[in-house]
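Participant: Per our numbering: the sequence shown ends with 150, consecutive numbering throughout. Below is a structure I'd like to ask you about.
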Amino acid sequence: MDNLKSVSSLLAERKGLYGKLLQCSRAQLGLFERLRSEEELPVEFLELQDQWESTASDINKIQKRLEETVQEKDIQDSELVEVMQECIENMSLLQQKLASYKESLGGDFQNIRDQRTLMNAYYGITRKTPISFYFDEKN
């Protein structure tokens, strides 16, 4: 009987932790919805990521304890499955948004690099001689 209480408390704790993961993923998606393309990711996003990793670690610990106590096949929880599925969907959306954000940042860095190359070619900012490499000729 004591073993059954232990298992049920572990299952309840695991379910609560998955709810916490779901809240983290929703909050991260919310941050991306409010983010403009020229803005940096807020510090909150990284804090939520740390919270996600910590919670996932706690879930793994509980999972190991559950596996030692009872076979997972004996446990059915449709609500937990729904929470897990929503977490997976949210993480997939976040992955797409992060990839898009990364591409936009890469484009910005490329523009900066191109402008710097042009400035150096015309005005020789990094050269020691005042002779430019390019001349604009008008016909």
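Yeah, the Cβ is synthetic: ideal placement off N, Cα and C, and Gly gets one too. Note that the coordinates shown come from a computational prediction; the quantities given were computed from them, not determined experimentally.
By a C-beta neighbour count over all protein chains shown, 10 Å radius and 16 as the cutoff for buried, is Leu-32 buried or exposed?
Facilitator: Buried, by the Cβ-count rule.
Participant: How is Gln-87 classed by DSSP in three states: helix, strand or coil?
Facilitator: Note: Gln-87 maps to coil in three-state DSSP.
Participant: If you check the beta carbons only, do Lys-91 and Lys-16 fall under 7 Å apart?
Facilitator: Sequence inspection shows Leu at residue 91; the Lys mentioned does not correspond to that position. No.
Participant: I need the boundaries of the alpha helix (DSSP H) containing Glu-51, first residue and last residue.
Facilitator: Here Glu-51 belongs to no alpha helix (DSSP H), and DSSP marks it neither H nor E.
Participant: Do Val-18 and Thr-80 come within 7 Å of each other at the CB atom, strictly closer than that value?
Facilitator: Their beta carbons are under 7 Å apart, which means Thr-80 touches Val-18 by this criterion.
Participant: Would DSSP call Leu-28 helix, strand or coil?
Facilitator: Correct three-state label for Leu-28: helix.
Participant: Leaving aside the five residues before and after Leu-104 along the sequence, list all residues of the same chain whose C-beta is less than 7 Å from its C-beta, in chain order.
Facilitator: Result list for Leu-104: Leu-40, in chain order.
Participant: Take Val-94 as the anchor and find which of Gln-74, Glu-114 and Tyr-29 has the nearest alpha-carbon.
Facilitator: The residue with the shortest Cα to Cα distance from Val-94 is Tyr-29.
Participant: Under a three-way DSSP split, which group does Asn-59 fall into?
Facilitator: According to the sequence provided, residue 59 is Leu. The question's Asn does not apply to it. Helix at Leu-59.
Participant: Measure the alpha-carbon distance for Glu-100 versus Ser-36 and round it to whole angstroms.
Facilitator: Cα to Cα, Glu-100 sits roughly 9 Å from Ser-36.
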